[in-house]
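Mapped onto the UniProt record's numbering, the consecutive letters of the sequence shown carry residue numbers 1 to 275.
Taking it in order: structure first as structure tokens, then the write-up.
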Amino acid sequence: MNQPLPALSRARFTPDVYGDFGETIMARLVLGHTRNDLAEILDDIVRAGDLQRVLPGIPNPTRQDLDNWLDDIIREYQQLVPSRSADAAKVAQAQFRLEELSIGVVFGEPAWDSGEGARRGYERAKLLSDGFGYSYTHAQDICRLAVGDSFYVGFWGMDGKDENAALEVGNYVVEEYRRAGLTVAWNGTIDDRIVVTELCWEVPPVAKPLSGPAPAGPTGPAPRAGGQAPVAGGGLASASQAQGRQPQAPGIPPRAQDPEPSEGRGFFGRLFGRR
Numbered sequence: 001m002n003q004p005l006p007a008l009s010r011a012r013f014t015p016d017v018y019g020d021f022g023e024t025i026m027a028r029l030v031l032g033h034t035r036n037d038l039a040e041i042l043d044d045i046v047r048a049g050d051l052q053r054v055l056p057g058i059p060n061p062t063r064q065d066l067d068n069w070l071d072d073i074i075r076e077y078q079q080l081v082p083s084r085s086a087d088a089a090k091v092a093q094a095q096f097r098l099e100e101l102s103i104g105v106v107f108g109e110p111a112w113d114s115g116e117g118a119r120r121g122y123e124r125a126k127l128l129s130d131g132f133g134y135s136y137t138h139a140q141d142i143c144r145l146a147v148g149d150s151f152y153v154g155f156w157g158m159d160g161k162d163e164n165a166a167l168e169v170g171n172y173v174v175e176e177y178r179r180a181g182l183t184v185a186w187n188g189t190i191d192d193r194i195v196v197t198e199l200c201w202e203v204p205p206v207a208k209p210l211s212g213p214a215p216a217g218p219t220g221p222a223p224r225a226g227g228q229a230p231v232a233g234g235g236l237a238s239a240s241q242a243q244g245r246q247p248q249a250p251g252i253p254p255r256a257q258d259p260e261p262s263e264g265r266g267f268f269g270r271l272f273g274r275r
């Protein structure tokens, strides 16, 4: 199947002059942060006196320089992802149905890794009427999904020792994602997370630039023939596979061993081996 990758896979993310921090800002946009959220990050860096180290390519920047730089990144995202994709709508449909079935859903923040995803999912399920389990996809999964074609779904029941209940939750998760028209892979055990794959996931940024028009055309490398766009570093599969293990019972499953970030690389660089 020649499944096109999301438009964001063609992004430049940030010109080299801006260093790794531009990648971090793009990742925050992927996770749904507002422009105020991003401006607060910059303000914290300014207050800490760390601006020149973080943005060495902008000597002695003014507040306007920082606003313009932030807006450039937001505009690129807006231009590449102007509307929600059909597959993103299918994901939302499946998740809505899961919560109707009393399975709590966590998708992205505030869960950064599998351990936090399990904890947040458990808390979410407790808020539902007769909640009997939960599913989660953590923030690192979402960032990979923005330039790839798959995401992992962890799951468990409310009793961390009840493996049969966990399997029941897993089966419901698979059923609802498939019912929404998505491709799902799972080995049918509690040891591995479910994989939703072969989808083009595009969601416009929540953040909006302060002013000015969007860029006239796309940036970054052009898509390959058949709509396939290059994935930075070609490292999606190996990075995702490293995230695929389920936390184990009893109780709320403990923190999974997510890969540690490498030093000296930006957010997307760490995930995909860029640079």
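Using N, Cα and C, we set each Cβ at its ideal position, and we do this for glycine too.
Bridge pairing for Phe155: Ser135 [DSSP]. Remark: C-beta atoms of Ser129 and Ser85 do not approach each other more closely than 9 Å. Here DSSP, grouped into helix, strand and coil, assigns Asp65 to helix. Bounds of the alpha helix (DSSP H) holding Thr24 are 21-30. For Ala180, the CB contacts under 8 Å within the same chain, skipping 5 residues up- and downstream, are Lys90, Val91, Gln93, Ala94, Arg97 in chain order. For Ile103, the enclosing beta strand (DSSP E) begins and ends at 103-107. By the neighbour-count definition (other C-beta atoms within 10 Å, threshold 16), Thr137 is a buried residue. At the C-beta level, Gln140 and Trp112 come within 9 Å of one another.
Assignment of Ile194 by DSSP, reduced to helix, strand and coil, places it in the strand class. Within its own chain, the residues whose Cβ lies closer than 8 Å to the Cβ of Pro61, once the five positions on either side in sequence are excluded, are Leu51, Leu55, Trp69, listed in chain order. Proximity to Thr189 across Glu202, Glu176, Glu163, Lys208 peaks at Glu163, based on C-alpha coordinates.
Using a C-beta cut-off of 8 Å, the segment 194-201 makes contact with the segment 142-153, since at least three inter-stretch Cβ pairs fall below that distance. In the three-state scheme derived from DSSP, where H, G and I count as helix and E and B as strand, Ala146 is classed as coil. If you draw a 10 Å sphere on the C-beta of Val206, you find fewer than 16 other C-beta atoms in it, and that means exposed. A direct Cα-Cα distance of roughly 43 Å separates Lys126 from Gly49. For Gly104 against Tyr134, the beta-carbon gap comes to about 4 Å, under 8 Å, which counts as contact.
Within the same chain, Cβ atoms closer than 8 Å to the Cβ of Ile25 are found at Thr14, Leu38, Ile41, Leu70, Ile73, the five residues on either side in sequence being excluded.
Counting of Cβ neighbours within 10 angstroms places Leu210 among the exposed residues, the total staying below 16. For Ala118, there is no enclosing beta strand (DSSP E); the residue is part of the alpha helix (DSSP H) that begins and ends at 114-127. DSSP places Val54 within a helical segment (H, G or I) once states are collapsed to three. Membership of Ala185 in any alpha helix (DSSP H) is not indicated; the residue belongs instead to the beta strand (DSSP E) covering 183-185. Each residue's CA atom was taken as its position, placing Cys143 and Lys161 some 31 Å apart. The alpha-carbon separation between Asp192 and Phe155 amounts to approximately 9 Å. Going by DSSP, Gly170 is part of the alpha helix (DSSP H) stretching over 163-179.
In the structure shown, the three-state DSSP call for Arg12 is coil.
A direct Cα-to-Cα measurement between Pro4 and Tyr77 gives close to 18 Å. When Leu167, Leu182, Ala7 are compared, the shortest CA-CA separation from Ser83 is found for Ala7.
Looking only at Arg28, Asp20, Tyr122, the smallest Cα-Cα distance to Pro204 is reached by Arg28. In this structure Glu116 is buried. Its beta-carbon is surrounded by 16 or more other beta-carbon atoms within 10 angstroms.
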